[in-house]
Amino acid sequence: MVITKTQNENKLVLAISGRLDTITAPQFQEELFLAFNEARQVELDFANVLYISSAGLRVLLLGEKKAMEKNRSMNIINASESIKSIFEMTGFVKILKIV
Amino acid sequence: MIRTKILVIILGFFFLVAIAFAIYSFSITANYKQLRINEIRQTVAYESERVEKIIAEMERNAVDLALAGEQFYNAGNYADSIGALILVENFTAFRTSVGGGIWFEPYILNPKKQRVCFYAFFDPAINAVRIASEFENESYDYHTQIWYTQIASRLKGKYSTAWTKPYFEEIGTVSLMTTVGAGIYDKSGKLIGMSTVDWQIQSMVDRLSAIKPTENSFFTLYFPQDDHVISNAMQENSGADYMVFSHVMSNDWIFSVQIPAKEIFEEIEKRNKIFSVFVIISAIFMLGSVFYLLSKLVNQPLKKLTLGVAELGSGNFDKQIEIFSKNEIGMLAAAFNKMTVDLKTSIEQSARERTEKERINAELNVATQIQSGMLPCIFPAFPNRSEFDIYASMLSAKEVGGDFYDFFFIDEKTLCVVIADVSGKGIPAALFMVIAKTLIKNNAQLGKSPKEVFEIVNDLLCENNEAGMFVTAFMGYLDIPSGKFTFVNAGHNPPILRSNNHWSYLKANRSFVLAGMEGVFYKQSEIILLKGDELFLYTDGVTEAMNSVNALFGEARLLEVVKKHSNLPLREFTVSIKHEIDKFANGVLQADDIAMLALRLPH
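Taken in sequence, the protein lines are chains A and B. Going by this note's numbering, the first sequence runs without a break in its numbering and finishes at 125. Going by this note's numbering, the second sequence runs without a break in its numbering and finishes at 612.
As structure tokens, then:
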């Protein structure tokens, strides 16, 4: 997994490529929480996310909670159909802001 | 051995020093010997010159007296008193000689008188020179005395002198004497008398005796005419080598000093010997010191180190080497000691870690057993119920997993089935799974509807869920008499439903996961299961099984293989599904837990 950070006006875009699983989730969590300190608006570009496991979902859930707590916003963009189907199946579509 | 090599080098160094010293000492010794010889030569020359001077004076005086005698004879008339006066005057002036006289041949000066002579000598009793008249006595008869005949026979004409062999004078001065004489001649050259001058040579002999360059050296004074020798030789030194320093006097006497060859250079040789011994002793001392120091500073410590290393090698990690010197070897020893301590610490630590790991493994094994014991695993589970058939299996990717299934009766006619997947894997997931499973079962058995159970369990799980764990779960109640199946899906994979021989995913009314967020409302659905219908519950380990090109097993493939093996009894059915997954994965390791639960209503 590779995370590319781009500052876009007052928006911080984290472009994630690869797999979000048990192994990569801790790194993802670290970067995500760091991003909340740097910008009010964090956008997660999921265009190149090939797979997300429950560990990855857990980080997204923690991230959403953190965002609410710190009054930040977290959007997921460009998620593929297979990723979207996982969000749907698990009911995450109702919790996360998926654009 | 380092020590041997260093000793050889030092020995070589000493050898070179010894050669250099030998060359130096040889030239010094040669110089010294030359000086010594020159010194002795000079002494001999000096003493000889002294003697020569006296000889010359004596001879001169003898000639003077002879000339005076000749005047007497030529004058024709003479007075005894004048002759006596001449002699007394002469020897008073010339004290080198103790005395002397003028002697005439028989009847030459006075036809009536056979013996005419004048003799004067120094008389110590009166401390003056006086005339001795007793020589004219018949009893003495000087013409026949050996000194007289000897001188007479040895004289070679006017102005010549002749010496007697040394003798002891018994009249007058009783001492070792020699006498020189000169002839008195008439006009025709005939010997008519002689003069004599006596030389008391004892003091000269004493003086020559004092020339002793070495202990056993001695002098000789040789009188060739008489083949007579005066010497102070203490003993017969036959066979010994001598160095001889000699001088031939004007009167043919030969003075020589004999020095034993081995004595002349004794001193320098002794000094050389002492110095050689000193060099050898200092070399031995130095070699000894170096040997000792090398032993003490290098060999012994190195031996200790070697033994220490060997002991360490044989497993004694408490080994400490006792070398406290501050040199390189001491540093090496200190490094060695530190190394053993570090090694020991590190070995102990890795042993502890190994023990810890073994303990954790053992505990994990126990945990695995506990976890699998929590899942119903005796089949057939309800042998006295013919209305349905149920089978379930669980394959953890790790020792303990987060997936679980459950089935139990809520009451006599209501069967509850649950399948769930805790986010993550391993111990945290397993712990969370235990809580979730217990809460679900407890609440279900209180008679609450599936929806109510999930809402209560969700809120309970959300409490203190700092770790952000969540559970996807599917639960359904089967009312056995009516076939009504009431279910809730909290974000879990949709089960496969066989209804009236039609296979499909049961995707209705999916809700959010458990423990994700407080206060979630769960949607509940109902379907009717008829005889011949079937439900297949599974976790994402099935659909998300991956092959070597990262392709997922997927829902479509699952549906296909489920259809394909649907004729099999439930146990063989689940085994076949697993086989299909393995075939798909093609050697790629199972990454996630796989739980499967199949419920079948037989015809």
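Virtual Cβ for every residue (Gly too), placed ideally from N, Cα, C. In this text, all values refer to a predicted model and were calculated from it rather than measured experimentally.
Looking only at its own chain, which residues have a Cβ that is under 7 Å from the Cβ of Tyr531 of chain B, when we skip the five neighbours before and after it?
As a position in the second sequence, residue 531 of chain B is number 522, starting the count at 1. Excluding positions up to five away in sequence, the list reads Lys460, Phe463, Glu464, Val497, Ala499 and Ser520.
Cβ of Thr48 of chain A less than 8 Å from any chain B Cβ?
Working through the first sequence from its first residue, we reach residue 48 of chain A at position 22. Chain B, which has a Cβ nearer than 8 Å to the Cβ of Thr48 of chain A, makes this yes.
Can you list the residues of chain B that Arg84 of chain A reaches, using a CB-CB cut of under 7 Å?
For the purposes of this step, residue 84 of chain A is taken as the residue at position 58 of the first sequence. Near Arg84 of chain A (Cβ distances below 7 Å), the residues of chain B are Ser432, Gly433, Gly477, Met478 and Phe479.
My output table needs one value for Tyr149 of chain B: the three-state DSSP class, helix, strand or coil.
To locate residue 149 of chain B, count along the second sequence from 1; it is residue 140. Here Tyr149 of chain B sits in coil by DSSP.
Could you tell me whether the Cβ of Gly44 of chain A comes closer than 8 Å to any Cβ of chain B?
Here residue 44 of chain A refers to the residue found at position 18 of the first sequence. Answer no: the Cβ-Cβ gap between Gly44 of chain A and chain B never drops below 8 Å.
Quick check: does the Cβ of Gly528 of chain B come within less than 7 Å of any heavy atom belonging to the ligand ZN?
Of ligands this structure carries none, so the ligand ZN is not represented either.
Quick check on Tyr116 of chain B: does DSSP put it in helix, strand or coil?
Residue numbering aside, residue 116 of chain B sits at position 107 when the second sequence is read from its first letter. Tyr116 of chain B falls in the coil class under three-state DSSP.
Could you say if the segment 578 to 596 of chain B and the segment 506 to 526 of chain B meet the contact criterion of at least three C-beta pairs nearer than 8 Å?
no
Quick check on Asn473 of chain B - is its C-beta less than 8 Å from some C-beta in chain A?
In the second sequence, residue 473 of chain B corresponds to position 464, counting from 1. No, Asn473 of chain B does not count as interfacial toward chain A.
Can you give the beta carbon distance from Glu339 of chain B to Phe333 of chain B, rounded, assuming they're within the 8 Å contact cut?
One-based indexing of the second sequence puts residue 339 of chain B at position 330. One-based indexing of the second sequence puts residue 333 of chain B at position 324. Inspection of the sequence shows that residue 339 of chain B is occupied by Gly rather than by Glu. Going by Cβ atoms, the distance from Gly339 of chain B to Phe333 of chain B rounds to 6 Å, so yes, they are a contact pair.
For Gly525 of chain B, decide whether its Cβ has a neighbour in chain A, counting only Cβ atoms nearer than 8 Å.
What you label residue 525 of chain B is simply residue 516 of the second sequence in a count that begins at 1. Answer yes: the Cβ-Cβ gap between Gly525 of chain B and chain A drops below 8 Å somewhere.
Starting from Glu90 of chain A, follow the alpha helix (DSSP H) in both directions and report where the run begins and ends.
Numbered from 1 along the first sequence, position 64 holds the residue referred to as residue 90 of chain A. Residues Ser80 to Glu95.
Look at the Cβ atom of Asn101 of chain A, then the Cβ atom of Glu69 of chain A, and state whether they are nearer than 8 Å.
Locating residue 101 of chain A in the first sequence gives position 75, counting from the first residue. Locating residue 69 of chain A in the first sequence gives position 43, counting from the first residue. Going by C-beta atoms, Asn101 of chain A is nearer than 8 Å to Glu69 of chain A.
Look at Ala191 of chain B and Met203 of chain B and say whether their C-beta atoms are less than 8 Å apart.
Mapped onto the second sequence, residue 191 of chain B falls at position 182. Mapped onto the second sequence, residue 203 of chain B falls at position 194. Contact flag set, yes.
If you run the structure through DSSP and keep just helix, strand and coil, what is Lys450 of chain B?
Here residue 450 of chain B refers to the residue found at position 441 of the second sequence. In the structure shown, Lys450 of chain B sits in a helix (DSSP, three-state: H, G or I).
So, using beta-carbon positions, are Pro269 of chain B and Ala242 of chain B closer together than 8 Å?
For the purposes of this step, residue 269 of chain B is identified with residue 260 of the second sequence, where counting begins at 1. For the purposes of this step, residue 242 of chain B is identified with residue 233 of the second sequence, where counting begins at 1. No, the Cβ-Cβ distance between Pro269 of chain B and Ala242 of chain B is not below 8 Å.
Roughly how many whole angstroms lie between the Cα atoms of Arg45 of chain A and Ile78 of chain A?
Taking the first residue of the first sequence as position 1, residue 45 of chain A is located at position 19. Taking the first residue of the first sequence as position 1, residue 78 of chain A is located at position 52. CA-CA distance, Arg45 of chain A to Ile78 of chain A, rounds to 6 Å.
Determine, using beta carbons only, whether Trp262 of chain B and Tyr231 of chain B come nearer to each other than 8 Å.
The count along the second sequence starts at 1 and reaches residue 262 of chain B at position 253. The count along the second sequence starts at 1 and reaches residue 231 of chain B at position 222. In this structure, Tyr231 of chain B lies closer than 8 Å to Trp262 of chain B by Cβ.
Would Asn518 of chain B pass as an interface residue toward chain A - the criterion being a Cβ-Cβ separation below 8 Å?
Locating residue 518 of chain B in the second sequence gives position 509, counting from the first residue. Under the Cβ criterion of 8 Å, Asn518 of chain B is not counted among the residues facing chain A.
Between the segment 60 to 92 of chain A and chain B, which residues of the former have a C-beta closer than 8 Å to a C-beta of the latter?
Leu76, Tyr77, Ser79, Ser80, Ala81, Leu83, Arg84, Val85, Leu87, Leu88 and Lys91
How about the segment 388 to 400 of chain B and the segment 603 to 611 of chain B: do they share at least three Cβ pairs that are nearer than 8 Å?
yes
Residues of chain B with a CB under 7 Å from the CB of Ile121 of chain A: which are they?
If you number the first sequence from 1, residue 121 of chain A lands on position 95. Ordered by position in chain B, the residues that pass the 7 Å Cβ test against Ile121 of chain A are Phe521, Gly525 and Met526.
Please check if any C-beta of chain B sits within less than 8 Å of the C-beta of Thr32 of chain A.
If you number the first sequence from 1, residue 32 of chain A lands on position 6. With 8 Å as the cut-off, Thr32 of chain A does not count as an interface residue toward chain B.
Answer yes or no: does any C-beta atom of chain B fall closer than 8 Å to that of Met115 of chain A?
Taking the first residue of the first sequence as 1, we reach residue 115 of chain A at position 89. Met115 of chain A counts as touching chain B.
Name, in chain order, the residues that DSSP records as bridge partners for Ile399 of chain B.
The residue you call residue 399 of chain B lines up with position 390 of the second sequence. DSSP output for Ile399 of chain B lists B:Leu608 as bridge partner(s).
Looking only at DSSP bridge pairs, what is Val480 of chain B linked to?
Residue numbering aside, residue 480 of chain B sits at position 471 when the second sequence is read from its first letter. In DSSP, Val480 of chain B forms a bridge with B:Val431 and B:Leu523.
At a CB-CB cut-off below 8 Å, which residues of chain A make contact with Gly500 of chain B?
If you number the second sequence from 1, residue 500 of chain B lands on position 491. What Gly500 of chain B touches in chain A: Met115, Thr116, Gly117 and Phe118.
Quick one: which residues of the segment 541 to 561 of chain B get their C-beta closer than 9 Å to a C-beta of chain A? List them in chain order.
Asp549, Glu553, Met555, Asn559 and Leu561
Locate the alpha helix (DSSP H) running through Met67 of chain B, then write down its first and last residues.
The count along the second sequence starts at 1 and reaches residue 67 of chain B at position 58. Taken as a continuous stretch (DSSP letters only), the alpha helix (DSSP H) holding Met67 of chain B covers Ile11 to Ala84.
Between B:Ile63, B:Lys457 and B:Cys471, which lies nearest to Ala445 of chain B when the distance is taken from Cα to Cα?
By 1-based counting over the second sequence, the position of residue 445 of chain B is 436. Taking only the C-alpha atoms, the option nearest Ala445 of chain B is B:Cys471.
What is the residue span of the beta strand (DSSP E) that Pro269 of chain B lies within?
The residue you call residue 269 of chain B lines up with position 260 of the second sequence. Pro269 of chain B -> beta strand (DSSP E) spans Ile263 to Pro269.
Would Lys328 of chain B and Glu337 of chain B qualify as a contact pair, given that the criterion is a beta-carbon distance under 8 Å?
Taking the second sequence and counting its residues from 1, one reaches residue 328 of chain B at position 319. Taking the second sequence and counting its residues from 1, one reaches residue 337 of chain B at position 328. Taking 8 Å as the Cβ cut-off, Lys328 of chain B and Glu337 of chain B do not qualify as a contacting pair.
Do you know how far the Cα of Ser405 of chain B is from the Cα of Asn393 of chain B?
Numbered from its first residue, the second sequence carries residue 393 of chain B at position 384. Numbered from its first residue, the second sequence carries residue 405 of chain B at position 396. C-alpha separation (whole angstroms): 30 Å.
Among the residues of its own chain, which have a CB less than 7 Å from the CB of Val107 of chain B, if the five just before and after it don't count?
Here residue 107 of chain B corresponds to residue number 98 of the second sequence, with the count starting at 1. Once the five neighbours on either side are set aside, the close Cβ partners of Val107 of chain B are Phe130, Phe131, Thr182, Asp207 and Gln209.
With 16 as the cutoff for other CB atoms within 10 Å, does Asn146 of chain B come out buried or exposed?
In the second sequence, residue 146 of chain B corresponds to position 137, counting from 1. With fewer than 16 Cβ atoms within 10 Å of its Cβ, Asn146 of chain B is classed as exposed.
If you measure from the beta carbon of Pro503 of chain B to each beta carbon in chain A, is any gap under 8 Å?
Counting from one through the second sequence, the residue named residue 503 of chain B turns up at place 494. Cβ-Cβ to chain A under 8 Å: yes for Pro503 of chain B.
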